[in-house]
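Residue numbering for the sequence shown follows our numbering, beginning at 45 and increasing consecutively. Taking it in order: structure first as structure tokens, then the write-up.
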Amino acid sequence: MTIALIDANAFYCSAQILFEPWLRDSAVVVASNGDGCVVSRNDPAKALGIKMGQPVFELRDLEARNQVKIFSSNYSLYQSLSNRMMAILEEHSPRISPYSIDECFSWLDGIADPEAWGRQAQAQVMRRIGLPVGVGIGPTKTLAKLANWAAKRWKAKTGCVVLLTDPSRQEKLLRYAPVGEVWGIGRRLSARLESELSIKTAWQLANADPKLLRRYFSVYVERTARELCGIPCFPFGDTGPERKQQIISSRTFGEKIY
Ligand SMILES: [Mg+2]
Numbered sequence: 045m046t047i048a049l050i051d052a053n054a055f056y057c058s059a060q061i062l063f064e065p066w067l068r069d070s071a072v073v074v075a076s077n078g079d080g081c082v083v084s085r086n087d088p089a090k091a092l093g094i095k096m097g098q099p100v101f102e103l104r105d106l107e108a109r110n111q112v113k114i115f116s117s118n119y120s121l122y123q124s125l126s127n128r129m130m131a132i133l134e135e136h137s138p139r140i141s142p143y144s145i146d147e148c149f150s151w152l153d154g155i156a157d158p159e160a161w162g163r164q165a166q167a168q169v170m171r172r173i174g175l176p177v178g179v180g181i182g183p184t185k186t187l188a189k190l191a192n193w194a195a196k197r198w199k200a201k202t203g204c205v206v207l208l209t210d211p212s213r214q215e216k217l218l219r220y221a222p223v224g225e226v227w228g229i230g231r232r233l234s235a236r237l238e239s240e241l242s243i244k245t246a247w248q249l250a251n252a253d254p255k256l257l258r259r260y261f262s263v264y265v266e267r268t269a270r271e272l273c274g275i276p277c278f279p280f281g282d283t284g285p286e287r288k289q290q291i292i293s294s295r296t297f298g299e300k301i302y
């Protein structure tokens with residue numbers, strides 16, 4: 045099996061920048077409903093130290109000095125761009141499975157050169173709707189997700205496309221990646237994995253005893269470990285490990301906070 049995960053870079057920010065392209069190299073953030081907290085930030089905003097979930101009032105000084113542009117969220121815009129992105133990917137893939145507003149799995153069975161496919165898909169989305177996307181490709185959904193993480197981490201080196209089908213490349217990345225970066229392993233689970241089983245990296249999770257993982261944690265953690273070994277456990281159309289944890293609520297703060 046060969047699966048790609050296509051994910052827009054800083055999706056909400058990129059969507060806003062489409063209409064104000066002169067902001068492309070400036071720090072941009074998008075605030076949640078009611079302008080409570082940061083729900084999307086681009087690379088220049090990250091470089092300023094702005095965090096996801098950071099209260100917007102903390103950024104008002106930077107905004108006053110023109111160092112960051114803050115947008116209120118516009119979900120109907122994001123949804124329509126998302127629909128167009130999925131439609132483009134559907135045209136170019138044998139099968140797709142949208143995963144979130146800006147992420148989509150594509151099954152690349154029968155595609156001879158998956159990396160070239162990834163670069164073409166990226167170029168198509170850019171040309172037709174102007175959104176930058178990263179593409180991670182691997183033999184399971186979890187490895188495709190991790191490849192996508194690597195694509196974004198080393199944007200300049202990878203051109204935001206990473207093919208993770210070669211076992212020696214898989215090992216290298218798994219040894220490097222903190223376990224908390226693995227799909228479905230959030231901050232809480234990674235803290236428990238470390239304290240209870242001394243698992244700190246994706247590699248250690250992949251090589252842990254599956255029965256132990258099921259007993260101490262859940263069948264999802266066990267399946268995640270198998271997926272890291274290249275054994276598909278989250279089938280097409282299935283959501284994957286505890287999907288709810290993956291979605292960031294736009295209503296972290298219901299009201300303006302001061
Ligand atoms: Mg994204």
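All C-beta atoms, glycine included, are put in the ideal place defined by N, C-alpha and C.
Closest Cα partner of W161 within the set T184, Q123, V206 and S212: The count along the sequence shown starts at 1 and reaches residue 161 at position 117. When the alpha-carbon of W161 is set against those of T184, Q123, V206 and S212, the nearest one is in V206.
S58 in three-state terms, based on DSSP: Here residue 58 is taken as the residue at index 14 of the sequence shown, counted from 1. Note: S58 maps to helix in three-state DSSP.
P222, DSSP secondary structure in three states: Stepping through the sequence shown from its first residue, residue 222 is reached at position 178. Looking at P222 - three-state DSSP - the assignment turns out to be strand.
Beta carbon of I114 nearer than 9 Å to that of L103: Here residue 114 refers to the residue found at position 70 when the sequence shown is read from its first residue. Here residue 103 refers to the residue found at position 59 when the sequence shown is read from its first residue. Note that the C-beta distance between I114 and L103 is below 9 Å.
Touch test, the segment 199-216 against the segment 225-233, Cβ-Cβ under 8 Å, three pairs minimum: The segment 199-216 vs the segment 225-233: no contact.
W227, DSSP secondary structure in three states: Position 183 of the sequence shown holds residue 227. Looking at W227 - three-state DSSP - the assignment turns out to be coil, as it is neither helix nor strand.
V141: first and last residue of the uninterrupted alpha helix (DSSP H) it sits in: Position 97 of the sequence shown, counting from 1, holds the residue named residue 141. It is worth fixing the name first, because residue 141 is Ser in this sequence and not Val. DSSP places S141 outside any alpha helix (DSSP H); the residue lies instead in the beta strand (DSSP E), whose first and last residues are R139 to S144.
N53 beta carbon near ligand 1 (any heavy atom closer than 8 Å): Taking the sequence shown and counting its residues from 1, one reaches residue 53 at position 9. Annotation for N53 indicates a beta carbon within 8 Å of some heavy atom of ligand 1.
Straight-line gap, A54 to L175 (C-alpha atoms, nearest Å): Walking along the sequence shown from the start, residue 54 turns up at place 10. Walking along the sequence shown from the start, residue 175 turns up at place 131. So the two alpha carbons sit approximately 10 Å from each other.
Reference Q123, options A59, P222, V72 and T209, closest by Cα: Locating residue 123 in the sequence shown gives position 79, where the first residue counts as 1. It is A59.
Sequence-distant residues of its chain with Cβ nearer than 7 Å to Y143 (five each side left out): What you label residue 143 is simply residue 99 of the sequence shown in a count that begins at 1. Sequence-distant partners of Y143 (beyond 5 residues in either direction) whose C-beta falls short of 7 Å from its own C-beta, in its chain, are F149.
V100 versus A108 - alpha carbon distance: For the purposes of this step, residue 100 is taken as the residue at position 56 of the sequence shown. For the purposes of this step, residue 108 is taken as the residue at position 64 of the sequence shown. Rounded to whole angstroms, V100 to A108 spans 13 Å at the Cα level.
Near ligand 1: D105 beta-carbon under 8 Å from a heavy atom: Residue 105 sits at position 61 when you count from the first residue of the sequence shown. D105: no, Cβ never under 8 Å from ligand 1.
Rounded C-alpha distance that separates P138 from W151: Reading the sequence shown from its first residue, position 94 is the one you call residue 138. Reading the sequence shown from its first residue, position 107 is the one you call residue 151. Straight-line Cα distance between these residues: approximately 6 Å.
Cβ contact (3+ pairs, closer than 8 Å) linking the segment 72-91 and the segment 159-173: The segment 72-91 is not in contact with the segment 159-173.
Helix, strand or coil at P99 [DSSP, three-state]: Translated into positions along the sequence shown, residue 99 becomes position 55. Reduced to three states, the DSSP call for P99 is strand.
Option nearest G178 by Cα separation, candidates E240, A246, Q166 and L187: Here residue 178 refers to the residue found at position 134 when the sequence shown is read from its first residue. Closest in alpha carbon position to G178, among E240, A246, Q166 and L187, is Q166.
8 Å contact criterion, which L32 and G274 should meet: CB distance rounded: Outside the modelled stretch of the chain, which goes from 45 to 302, sits residue 32, for which no answer is possible.
DSSP-derived helix/strand/coil call for L249: In the sequence shown, the residue the question calls residue 249 occupies position 205. Residue state, collapsed to three classes: helix.
Spatial neighbours of L62 in its chain, beta-carbon cut-off 7 Å, leaving aside the 5 residues before and after: Numbered from 1 along the sequence shown, position 18 holds the residue referred to as residue 62. Excluding residues up to 5 positions away in sequence, G174 lie with their Cβ nearer than 7 Å to the Cβ of L62 in the same chain.
Burial state of W66 (16 or more Cβ within 10 Å): For this step, residue 66 is matched to residue 22 along the sequence shown. W66 should be labelled exposed.
CB-CB length for I243 against L208, believed under 8 Å: Along the sequence shown, one-based indexing puts residue 243 at 199. Along the sequence shown, one-based indexing puts residue 208 at 164. I243 to L208, Cβ: 20 Å. No contact.
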